[in-house]
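Okay, so the sequence shown: first residue is 47 according to the working numbering, each after it adds one. Take a look at the structure set out below.
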Amino acid sequence: MSSADAVKPTRVRHRILGLVVLAYFITYLDRVLISNAMPVIQHEFGFDIQTAGLVMACYSWAYAMFQIPGGWFGDKMGPRIALASVVVWWSVFTFLSGFSTSVTMLMVFLFLIGMGEAGAFPISNRALSRWMLPSERGIAQGTTHAGSRLAGAAAPILVATLITHYSWHVPFYVFGLVGIAWAGVWYWYYRDVPREHHGINAPERARIEAALGVVATRRPSIPWKMILSSRQMWIVAAMYFCYGYALNMFLVWFPKYLNADRGYDLASMGYFTSLTLAAGVVGDLCGGFFSDMIIHKTGRIKFARQSVAITGFLIAAAVIPLACWADTPYLTAFLFGVSVFGLELVVGNAWAVTLDIGGHFAGSCSAVMNTFGNIGGAIVATATGFIVSGYGWNAAYYVVTGFCVAGALLFSRIDAGRKLATSPVV
47 MSSADAVKPT RVRHRILGLV VLAYFITYLD RVLISNAMPV IQHEFGFDIQ
97 TAGLVMACYS WAYAMFQIPG GWFGDKMGPR IALASVVVWW SVFTFLSGFS
147 TSVTMLMVFL FLIGMGEAGA FPISNRALSR WMLPSERGIA QGTTHAGSRL
197 AGAAAPILVA TLITHYSWHV PFYVFGLVGI AWAGVWYWYY RDVPREHHGI
247 NAPERARIEA ALGVVATRRP SIPWKMILSS RQMWIVAAMY FCYGYALNMF
297 LVWFPKYLNA DRGYDLASMG YFTSLTLAAG VVGDLCGGFF SDMIIHKTGR
347 IKFARQSVAI TGFLIAAAVI PLACWADTPY LTAFLFGVSV FGLELVVGNA
397 WAVTLDIGGH FAGSCSAVMN TFGNIGGAIV ATATGFIVSG YGWNAAYYVV
447 TGFCVAGALL FSRIDAGRKL ATSPVV
């Protein structure tokens, strides 16, 4: 090794980002599995669309209820132990879900999966807060959420293929084992602070500590009073409620919509769902890229986060009604894909905001935000079956449009440059 190579900064933080991207990918494999398997499960067990909504809502309500406990667990125990633990938890219950022989049994397992997955994003956000530079946070969040949307795009085809060749039980077995394997790699490689990682060299550690400070190895008390009394935190949470309602319409109900309203068979449903959700991958990457680019050029964090996210909400609001009126499969997929693209311009910036304002307590701040996002997701999972029964599928999507407009208005009130508190340092 030359002297130049010896002082070249390592890229441990980028490998950690890669592991977090994989975690998001696995989370969404499991998350969209049930919605894509639902038509087959519904046929086997013989229940109606309202019951299908209640089954899928078991996951969504647990996921919403345990966001704050999950974020607290990550901040208290540290991301290394906490993230490995929750991934093992939900992966075991994903595997066991494949043995379900009744609706009740499936609902219980889905609730337990939701409990575990609730901690995934807040703890991952906390993990990145210790490692990623402020100028890299937008693209980091865009990349992680691109991983989840890539899984959302890949899962329909994977699930349809496994069900066609085997049964609806097999995807649960396969995805559960994948999660357990990831947890082992994470625990082996990740460290809670850069100074504890044997693979990092002095130049990379110095660069991180110059940007973030030297994070204390002790774990301070979480200032819940300060977090929950912050007006800005509640605006962020309300904005993410709107996003969660809108996005989960696609994650939870879109395959069923294509099957029930458009008449697609299992193979076509999987293909066009994948095609639509793939647009989200592009949106995630673009949202993070453009946000960080604006920060580099202007230094205005507030403007960077707002301009990209508000644009995304408004794109989705404008295009969703057009997608409902489209009458050909590829035009429908394209327009709904543009809608998902718009929504995914939002998500990387929303999670970057919790890093921007939350600092050392980013896990808890993101847990509060994600709680409300997933209350929105739980409501859309529960209510859509009843809306469709009474008013039709188009009405359900018009409600989504309204939440997109509300989300844009709320994001205009968020100041990413104003921290809730200063991170503790040594």
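Heads up, the beta-carbon is just placed ideally off N, CA and C, and yes, glycines get one too. Small disclaimer: the values here were computed from a predicted structure and weren't measured.
Own chain residues within Cβ distance below 8 Å of residue i, not counting five before or after
i, result
"D402", "P180, R183, I347, R351, A462, G463, K465"
"S81", "M102, L297, V298, W299, F300, P301, K302"
"I340", "R346, F349, A350, S353, V354"
"P55", "N247, P249, E250, R253"
"L360", "G388, C450, V451, A454"
"M47", "At M47, the pLDDT of 42 sits below 50, so the modelled position is not reliable and the matter cannot be decided from this model."
"S170", "V66, A69, Y70, P125, L129, T190"
First through last residue of the alpha helix (DSSP H) which encompasses residue i
i, result
"N247", "No alpha helix (DSSP H) contains N247, which DSSP labels as neither H nor E."
"E90", "58-91"
"A373", "Before going on, a small fix: residue 373 reads as Asp here, not Ala. Per DSSP, D373 belongs to no alpha helix (DSSP H) and is neither H nor E."
"Y236", "No alpha helix (DSSP H) contains Y236, which DSSP labels as neither H nor E."
"S175", "166-175"
"P37", "Since the first and last residues shown for the chain are 47 and 472, residue 37 lies out of range."
"L321", "312-344"
"S442", "First, the residue type needs correcting, since residue 442 is Ala and not Ser in the sequence shown. Per DSSP, A442 belongs to the alpha helix (DSSP H) from 439-457."
"V298", "That residue, V298, is in no alpha helix (DSSP H); it is neither H nor E in DSSP."
"K271", "270-274"
"W135", "125-143"
"S106", "95-111"
"I159", "149-163"
Same chain, Cβ closer than 7 Å to residue i, five either side skipped, listed in chain order
i, result
"Q187", "G334, G394, W397, A398"
"I356", "A454, F457, S458"
"G198", "Y74, V78, L297, L323, G326"
"V328", "F387"
"F336", "V354"
"D53", "Note that residue 53 corresponds to Val in the displayed sequence, not to Asp. The residues are P249."
"I114", "A413, V414, T417"
"L142", "F155"
Proximity below 9 Å, CB of residue i to CB of residue j
i, j, result
"G418", "Y286", "The sequence shown places Phe at residue 418, rather than the Gly named in the question. Yes."
"A229", "S314", "no"
"G116", "P168", "yes"
"R172", "P240", "no"
"R61", "E250", "no"
"D307", "W439", "yes"
"A69", "M84", "no"
"V392", "M279", "no"
"G431", "I95", "yes"
"F139", "A128", "no"
"L331", "T319", "no"
"S410", "W270", "yes"
"E163", "V132", "yes"
"F71", "Y105", "no"
"Y291", "V446", "yes"
"M473", "L63", "The requested residue 473 is not part of the displayed model; the chain covers only 47 to 472."
"G160", "V66", "no"
"I281", "I421", "no"
"D238", "R277", "no"
"F93", "V149", "yes"
"I366", "Y437", "no"
"F407", "D121", "yes"
"T428", "L100", "yes"
Same chain only: Cβ atoms within 6 Å of residue i, ignoring 5 sequence neighbours per side
i, result
"A362", "S385, G388, L389, C450"
"H215", "G144"
"L368", "L381"
"N294", "G423, V426"
"L321", "A379"
"A452", "C288"
"G316", "P202, I203, A206"
"A284", "L456"
"S49", "At S49, the pLDDT of 48 sits below 50, so the modelled position is not reliable and the matter cannot be decided from this model."
Local Cβ density within 10 Å of residue i, reported as buried at 16 or more and exposed below that
i, result
"F218", "buried"
"H211", "exposed"
"A256", "exposed"
"H191", "buried"
"W107", "buried"
"D373", "exposed"
"H243", "buried"
"V231", "exposed"
"V434", "buried"
"Y376", "exposed"
"W371", "exposed"
"D51", "Below a pLDDT of 50, predicted positions are generally treated as unreliable, and D51, at 49, falls in that range; the measurement from the model is reported next regardless. By the neighbour-count rule (16 or more Cβ atoms within 10 Å), D51 is not buried but exposed."
"L208", "buried"
"A110", "buried"
"G222", "buried"
Closer than 8 Å: residue i CB and nearest the ligand MG heavy atom
i, result
"V399", "Judged by which ligands are present, the structure shown has none, so any question about the ligand MG falls away."
Minimum Cβ-Cβ distance from residue i to chain B less than 9 Å
i, result
"S458", "Given the protein chain composition of this structure (a single chain), no chain B is represented."
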